[in-house]
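Let me begin by presenting the structure, written as structure tokens, before commenting on it.
Numbering (the numbering used here), first residue to last: 4 to 406.
Right, dumping it as structure tokens:
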């Protein structure tokens, strides 16, 4: 029996039959009407995408702080963000991002995603340096900061859910638009490499001593990275009235939790499998309609194995193209899911599957799925997945641009 027949007959034990009333197709189609980003590879999504296709990486030895006592010297840091007294690098990064954003729709809601906001200022407070507590950009203040920097928008809320923060923010925004609660939402995601976070990952022994190698047989851990992105989501009818261009669509979204371990993913991948199947059901498509996967792909031993396990359980024997961008821009934490939505839209619309930078020899379980070269793909749908501490998982189904 083929996978297509298996799906139609409902005999794939890992997916559902579409009967769950909470997973119906969105009531209003959600457009991606704008996307902007800043990474170690460039100050725009276009620059970052070009460098990724060229096989470049922003993961380099860094001098932001001393790494003498840590297990790695590498990270993907945005150039030209020097430390300033009483000022967070977060503001420098957000200024580079928001200057790209043009006029926003009237009454746009601002949703942000970050795990640690401007933790560098809190580090200074801990070190008893002269920092005004009122100037610290605690996570709950981020929507207001972004609204002020863009000159428009209604501050909404921040989502801090480890490495799935941005994915949940995009899914939450899509849900609010789909159900008619809002016509336009700007999702702004951001995190940067701080010593606090770097030391934490080092203590967990999951930092790679060399630039990370997602899905590689010899992978040793992850590499952190700076990143900020903004995604303008709009209801289709509202976007058309506002003369906006559709860059892509958010067709399905879901999240789940392993309830297994504080920092390690569940070895059986049941949580991610559940999120994938719910997202596919919500999108109202078949598994066979998904032509490529943008994976979380951190380069850690257990995360990469768990993801590939989930893909095999869901897609059975199909060797669907899989890639990770973290070997190019590092793991941008609370910005990762948003950045991967933006780059996934680029992949869909160009028909190109980027190579997994850092990959040399694929792990046995990923053979035929990941690649060291750019590949062509002709598909209308791409799936992006993320997983994070606390056992949280997410899946988002992206669609091509439409006229």
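In this text, a Cβ means the ideal position worked out from N, Cα and C, and glycines have one as well.
Alpha helix (DSSP H) segment containing residue i, residue limits
i	result
residue 314	304-318
residue 380	Run containing residue 380: none; DSSP gives neither H nor E here.
residue 347	339-353
residue 187	Note, residue 187: premise wrong, no alpha helix (DSSP H); beta strand (DSSP E) at 187-194.
residue 332	329-332
residue 288	Counting along the chain, residue 288 falls outside any alpha helix (DSSP H), and DSSP gives it neither H nor E.
residue 147	145-153
Integer Cβ distance of residue i from residue j, believed to fall under 8 Å
i	j	result
residue 239	residue 34	5 Å
residue 329	residue 232	Going by Cβ atoms, the distance from residue 329 to residue 232 rounds to 14 Å, so no, they are not a contact pair.
residue 51	residue 103	Actually they are not in contact, since the Cβ atoms of residue 51 and residue 103 sit about 12 Å apart, beyond 8 Å.
residue 332	residue 44	6 Å
residue 190	residue 234	5 Å
residue 334	residue 226	7 Å
residue 351	residue 318	Wrong, their Cβ atoms sit about 18 Å apart, outside the cutoff.
residue 58	residue 360	6 Å
residue 308	residue 182	Not quite, the Cβ-Cβ distance comes to about 37 Å (not below 8 Å), so this is no contact.
Chain-order list of residues whose beta-carbon lies under 7 Å from that of residue i (same chain, five-residue window excluded)
i	result
residue 184	none
residue 131	Interpretation of residue 131 is limited by its pLDDT of 49, a score under 50 that renders its predicted location unreliable; no figure is taken from the coordinates.
residue 188	111, 112, 114, 176, 179, 180, 236
residue 371	322
residue 212	74, 75, 223
residue 120	93, 140, 141, 142, 145
residue 118	163, 165, 168, 194, 336, 337
residue 160	114, 146
Span of the beta strand (DSSP E), counted from its first residue to its last, around residue i
i	result
residue 399	395-402
residue 269	Where residue 269 is concerned, there is no enclosing beta strand (DSSP E), given that its DSSP letter is neither H nor E.
residue 260	251-260
residue 171	No beta strand (DSSP E) contains residue 171, which is instead part of the alpha helix (DSSP H) from 168-181.
residue 100	Premise fails: residue 100 lies in the alpha helix (DSSP H), 92-101, not in any beta strand (DSSP E).
residue 44	No beta strand (DSSP E) contains residue 44, which DSSP labels as neither H nor E.
residue 295	293-297
residue 115	112-116
residue 158	157-162
Residue i vs residue j beta-carbon contact at 8 Å
i	j	result
residue 439	residue 388	With the chain represented from 4 up to 406, any question about residue 439 goes unanswered, as that position is not in the structure.
residue 62	residue 78	yes
residue 338	residue 230	yes
residue 250	residue 348	yes
residue 385	residue 401	yes
residue 323	residue 295	yes
residue 186	residue 241	yes
residue 199	residue 81	no
residue 67	residue 196	yes
residue 156	residue 150	yes
residue 325	residue 373	yes
residue 306	residue 390	yes
residue 220	residue 365	yes
residue 218	residue 297	no
residue 407	residue 146	Since the first residue of the chain shown is 4 and the last is 406, residue 407 is not available in this structure.
residue 293	residue 368	no
residue 257	residue 281	yes
residue 228	residue 101	no
Other residues of its chain near residue i: CB distance less than 8 Å, five sequence neighbours each side excluded
i	result
residue 56	355, 357, 377
residue 98	152
residue 70	76, 201
residue 303	209, 222, 224, 225
Same chain, Cβ closer than 6 Å to residue i, neighbours up to 5 away in sequence not counted
i	result
residue 210	74, 75, 204, 224
residue 116	162, 168, 169, 172, 192, 337
residue 259	274, 277, 278, 396
residue 65	78, 80
residue 345	38, 40, 48, 232
residue 106	none
residue 343	297, 387
residue 405	249
8 Å Cβ cutoff, residue i in contact with chain C
i	result
residue 160	As a matter of chain content, chain C is missing from the structure shown, which is built from one protein chain.
Only counting runs of 3 or more residues, tell me where the beta strand (DSSP E) segments fall wholly within the stretch 204-257, in order along the chain.
Taken in chain order, the whole beta strand (DSSP E) runs of length 3 or more contained in the stretch 204-257 are 230-238.
Ignoring anything shorter than 4 residues, give me the alpha helix (DSSP H) runs that lie fully in the stretch 40-87, in order along the chain.
48-56
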